[in-house]
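*Asks:* 41 is the number that UniProt numbering gives to position 41 of the sequence shown; each next residue is one higher, with no gaps.
For every residue, glycine included, the Cβ atom is placed at its ideal position computed from N, Cα and C.
Source: prediction; values computed, not measured.
Pasting a structure here, questions to come.
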Amino acid sequence: MPSVAFLSSEVVSTRTLYDRAQQSEPPGPKPKTPMIAGATIGSVMGVAYLIGFTIYFYKRWKRKKLNRQIEAGQATPKVRPEPKEKVVIPPDPAVLLGQHEGGENLSAAR
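Right, here's the structure in full:
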């Protein structure tokens with residue numbers, strides 16, 4: 001089995017890395033900005049989720065209540081509006097003029 005030789009300057013202990021990491025931190029108290037931003041955004045998102053779930057479950061409750069009343073004959077069902085006329089896409093002018101057949105795949109000549 002081959003042996004591995006390390007030079008003493010290449011070996012870095014974890015203690016040395018830990019000391020270097022602590023030296024790189026600025027002196028004084030830790031910055032509070034990330035903590036404040038996280039707390040603010042987290043609380044705003046929590047309130048948004050709470051409002052969203054409240055609206056969702058309220059609408060669901062109202063829909064179930066209305067469906068029960070409709071089944072019992074106490075309420076009239078919603079009248080759905082009649083669909084508007086469908087838009088008719090005109091046929092290809094080349095087909096109308098007899099230059100090509102309908103459904104024919106055409107590609108530009110290169």
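Considering only the beta carbon of each residue, do A109 and H100 sit closer than 8 Å?
*Replies:* For A109 and H100, no; Cβs fall outside 8 Å.
*Asks:* Measuring CA to CA, which of P83, E104, R68, E85 is closest to P77?
*Replies:* If we check each option's Cα against that of P77, R68 comes out closest.
*Asks:* Can you tell me where the alpha helix (DSSP H) holding S107 begins and where it ends?
*Replies:* Neither: S107 is in no alpha helix (DSSP H) and is coded neither H nor E.
*Asks:* If you follow the alpha helix (DSSP H) that I55 is part of, which residue opens it and which one closes it?
*Replies:* Note, I55: alpha helix (DSSP H), 33–72.
*Asks:* With the cut-off set at 8 Å, would you say A72 and L66 are in Cβ contact?
*Replies:* Not closer than 8 Å, so no.
*Asks:* I need the DSSP call for P93, collapsed to helix, strand or coil.
*Replies:* Helix.
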